[in-house]
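If you read the sequence shown in this note's numbering, its first letter stands for residue 1, the second for the next number, and so on. Every residue, glycine too, gets a C-beta built ideally from N, C-alpha and C. None of these values were measured; they are calculated from a predicted model. Following: one structure in structure tokens, then a few remarks.
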Amino acid sequence: MQAPILEGVDLERTTVVDLQRAMDSRELDSQRLTDVYLQRIRQWNAQLRAVIDTSPHALRDAADSDAHRRRHGARGPLEGIPVLLKDNIDTDDALHTTAGSLALLSARPARDAFLVARLRKAGAVILGKANLSEWANFRSTNSSSGWSARGGQVANPYVLDRNPCGSSSGSAVAAAAHLAAVTIGTETNGSIVCPASANSVVGLKPTVGLVSRAGIVPISVEQDTAGPLTRNVTDAAAVLSVIQGVDPRDPATGHAADVVDRDYLAALDPHALDGARIGVWREPAAGNPEVMAVFDDAVAALVDAGAVIVDNLEMPAQADILEAQLPALLAEFKHDLNAYLAATPGDHPRDLAGLIEFNEKHADVQMPHFGQELFERAEQTSGDLSDPDYRELRAGATDRAQATIDDAVAAHRLDAIAAPTNHPAWLTDLDGGDDFTGLVSSSTPAAVAGYPNITVPAGYVHGELPLGVSFFAGRCSEPTVIAIGYAFEQATRVRKAPSFLLTLA
1 MQAPILEGVD LERTTVVDLQ RAMDSRELDS QRLTDVYLQR IRQWNAQLRA VIDTSPHALR
61 DAADSDAHRR RHGARGPLEG IPVLLKDNID TDDALHTTAG SLALLSARPA RDAFLVARLR
121 KAGAVILGKA NLSEWANFRS TNSSSGWSAR GGQVANPYVL DRNPCGSSSG SAVAAAAHLA
181 AVTIGTETNG SIVCPASANS VVGLKPTVGL VSRAGIVPIS VEQDTAGPLT RNVTDAAAVL
241 SVIQGVDPRD PATGHAADVV DRDYLAALDP HALDGARIGV WREPAAGNPE VMAVFDDAVA
301 ALVDAGAVIV DNLEMPAQAD ILEAQLPALL AEFKHDLNAY LAATPGDHPR DLAGLIEFNE
361 KHADVQMPHF GQELFERAEQ TSGDLSDPDY RELRAGATDR AQATIDDAVA AHRLDAIAAP
421 TNHPAWLTDL DGGDDFTGLV SSSTPAAVAG YPNITVPAGY VHGELPLGVS FFAGRCSEPT
481 VIAIGYAFEQ ATRVRKAPSF LLTLA
């Protein structure tokens with residue numbers, strides 16, 4: 001697939017900083033840029049199923065941005081930049097917010113999510129909504145990542161019969177295939193970094209509380225966060241600089257009040273690996289020689305860039321963390337989703353029990369491939385977050401995850417921990433579900449701890465299936481992990497545009 005070139009600007013190799021220069025010099029404008037992405041959505045989305053809605057106001061909003069630039073200059077690094085939002089992020093305009101479910105087609109959020117308001121204030125153009133794993137992949141234990149009743153099955157643009165991973169599937173595919181300049185996803189555990197890696201883009205999961213969750217369809221107030229999926233680390237840094245902020249509707253943001261004004265573009269140091277101490281966690285690649293080979297090359301690149309490697313790092317208690325995480329998430333999901341549904345205007349189920357009933361009544365379209373076991377298990381919990389048994393589970397999961405990272409960083413004086421992000425994308429199987437055979441998730445420690453995690457393209461298996469490398473560290477260490485991710489990206493530059501192969505030969 002040919003990456004788009006607009007007015008001589010190669011959008012595959014261009015950052016939002018470059019786009020700002022081009023628009024400031026009148027080489028291009030937001031209207032033309034926005035129109036290119038709308039055209040590409042019309043051209044490719046039937047194959048990819050990555051976009052659920054496009055905004056009827058996108059070109060008007062782009063014209064408004066161009067007018068603001070002419071009169072007052074750009075408001076920041078996202079002025080006039082077209083952005084796709086995952087379809088679990090509220091907007092108060094003509095776009096729906098459904099989490100991929102037909103049950104919320106008549107929901108009418110009263111206002112933009114906090115992060116959307118931040119984007120609009122910064123001059124970004126809301127292009128539309130991206131498809132996702134329905135309910136952020138928290139409906140069934142046998143689901144196919146990237147499938148929703150509204151949007152169908154998202155395809156991986158590198159090899160179309162391979163899965164894009166989830167749940168921010170559409171956001172990652174749209175970024176990879178140039179259906180938007182940048183996209184926003186959400187993560188509870190792996191839902192930004194896995195699809196980013198499987199589609200050869202950068203995914204940045206911030207510290208929980210750095211970006212407000214107000215106006216986002218929830219799973220867990222303890223682990224949920226939103227973050228950027230972009231083709232390069234520069235764009236991810238620019239997006240995070242805009243969407244961070246203290247929000248009275250999300251008390252967790254108050255705990256990050258001392259860091260929410262950081263300019264993450266200032267963290268972009270191509271020499272950040274020189275002398276950096278990187279712990280290497282190999283277990284997520286164990287048993288897969290193809291993943292290990294790509295990861296070995298990534299570690300060699302870290303060494304060549306001057307990093308000091310602490311190899312064969314141990315990350316204990318992963319099974320214990322996962323064992324406590326799921327029952328905690330089930331209780332949190334019932335509590336948090338019921339609160340979201342009750343507060344959202346429109347004609348839709350008002351609680352989880354109502355969603356279960358809706359799915360049963362419309363099983364032919366809502367459950368043609370897999371069921372709703374997680375919904376049913378969550379409904380069986382009390383949803384009481386003051387319950388001592390729940391609190392013990394949550395504390396056990398979070399404390400262990402934080403200790404896993406904090407202890408390793410302290411013991412080895414690490415700047416960050418590196419790990420393989422994913423295994424090669426599996427064949428999509430709507431009825432059989434995802435194939436996580438033998439996978440040790442590298443996303444779990446940072447996800448359950450609430451710490452930042454960035455994945456950067458690292459290589460390809462069979463020349464076409466993308467793999468990424470993750471860098472994570474302690475709470476609010478975004479400047480460090482962004483700098484390390486950027487230095488690795490600049491040293492390797494392995495990303496290539498997708499090929500749209502139907503299947504591997």
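C-beta neighbour in chain D for residue i, strict 7 Å
i, result
"P284", "Absent from the structure is chain D; it holds one protein chain and no more."
Residue i, DSSP secondary structure in three states
i, result
"W147", "strand"
"A300", "helix"
"E187", "strand"
"G396", "helix"
"A107", "strand"
"Q380", "coil"
"D510", "As shown, the chain starts at 1 and ends at 505. That puts residue 510 outside it, with no answer to give."
"K129", "strand"
"L352", "helix"
"R391", "helix"
"I278", "strand"
"A403", "helix"
"R162", "strand"
"V208", "strand"
"V221", "coil"
"L501", "strand"
"V310", "strand"
"K121", "helix"
"L273", "coil"
"F358", "helix"
"K540", "The question about residue 540 has no answer, for the chain in this structure spans 1 to 505."
"A238", "helix"
"Q244", "coil"
"T97", "coil"
"P157", "coil"
"N142", "coil"
"I367", "Before going further, note that residue 367 is Met rather than Ile in the sequence given. Looking at M367 - three-state DSSP - the assignment turns out to be coil, as it is neither helix nor strand."
For residue j and residue i, the rounded distance between their alpha carbons
i, j, result
"S144", "D434", "5 Å"
"L240", "G227", "7 Å"
"G151", "A50", "8 Å"
"D399", "I417", "18 Å"
"V299", "R71", "48 Å"
"L119", "A408", "36 Å"
"H369", "D431", "5 Å"
"S167", "L273", "31 Å"
"R475", "T404", "13 Å"
"N137", "S443", "15 Å"
"V211", "F295", "30 Å"
"R75", "R69", "8 Å"
"L439", "R60", "46 Å"
"F512", "R231", "With the chain covering 1 to 505 only, the question about residue 512 has no answer from this structure."
"R391", "L385", "7 Å"
"T15", "Q380", "47 Å"
"G286", "M292", "Sequence check: residue 286 is Ala here, not Gly. Whole-angstrom Cα-Cα distance: 7 Å."
"S148", "G100", "5 Å"
"A509", "L102", "Here the chain has residues from 1 to 505 only, and residue 509 is not among them."
"A176", "R42", "16 Å"
"A257", "G73", "28 Å"
"C165", "T186", "13 Å"
Of the residues the options, the one placed nearest residue i, counting alpha carbons only
i, options, result
"A276", "A411, A487, L330, P251", "A487"
"F436", "L102, D53, N142", "N142"
"I5", "R32, D415, P466, D384", "R32"
"A266", "G123, V259, A237", "A237"
"A491", "A497, E464, A458", "A458"
"P77", "D429, L337, S101, A22", "A22"
"A317", "A449, I309, T344, R350", "A449"
"A395", "E222, Q153, A214, V182", "E222"
"E79", "D29, Q43, I278", "D29"
"D10", "L502, K496, P157", "K496"
"F500", "D247, A46, I309, V303", "A46"
"V116", "N131, V242, S191", "V242"
"W135", "V461, S200, D224, T455", "D224"
"D64", "A124, L502, S220", "A124"
Sheet register partners of residue i (DSSP bridge)
i, result
"L229", "T183, G203"
"V9", "L6"
"G346", "A107"
"L152", "In the sequence as displayed, the identity of residue 152 is Gly instead of Leu. According to DSSP, which records beta bridges pairwise, G152 is partnered with S148."
"I417", "G279, F472"
"I216", "I89"
Next on the checklist: List, from N- to C-terminal side, the alpha helix (DSSP H) runs of 4 residues or more that fit wholly inside the stretch 420-473.
Outcome noted: Correct list: 444-449.
Next on the checklist: Restricting to runs no shorter than 4 residues, where is the alpha helix (DSSP H) found entirely within the stretch 43-91?
Outcome noted: Listed in chain order, the complete alpha helix (DSSP H) runs (minimum 4 residues) inside the stretch 43-91 are 58-72.
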